[in-house]
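Visitor: First the structure, which I've put down as structure tokens, then a few questions once you've had a look.
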Amino acid sequence: MAVMYIAWLIVKGTLAWPSPADVSGNPLRSAGAAFDIVDILTVDLYEDEYVEVSEDGVEDRVREQRLNGSFGSLWRLFYYIA
1 MAVMYIAWLI VKGTLAWPSP ADVSGNPLRS AGAAFDIVDI LTVDLYEDEY
51 VEVSEDGVED RVREQRLNGS FGSLWRLFYY IA
């Protein structure tokens, strides 16, 4: 995997360190940024962030009711297999 990653860097031309003219005073464009796969300046990192809502707990409550019910051992077996 390491060899394939280095080969990919060579093919993409990102293995070389950026010149000082490319950095242009931006601390995020440092020498380590040459190996970034995604440009963090153009990607919105909070766009697809998951926000838990109250409906998410419904499945947990149903599962607890099943496990504590009369067929709890069979439900445990089902959840173990599934």
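Residue numbers (the UniProt record's numbering): 1 to 82.
For every residue, glycine included, the Cβ atom is placed at its ideal position computed from N, Cα and C.
Just so it is clear, the structure is predicted and the values come from calculations on it, not from any experiment.
1) What residue does the alpha helix (DSSP H) around Met4 start on, and which one ends it?
2) If you drop the 5 nearest sequence neighbours on each side, which residues of the same chain put their C-beta closer than 8 Å to that of Arg76?
3) With Tyr80 as the anchor, note down where its alpha helix (DSSP H) starts and where it stops.
4) Between Val3 and Gly72, what straight-line distance do the alpha-carbon atoms span, to the nearest angstrom?
Guide: According to the structure data:
1) That run of the alpha helix (DSSP H) goes 2-12.
2) So the list reads Leu67, once near-sequence residues are dropped.
3) 72-81
4) 51 Å
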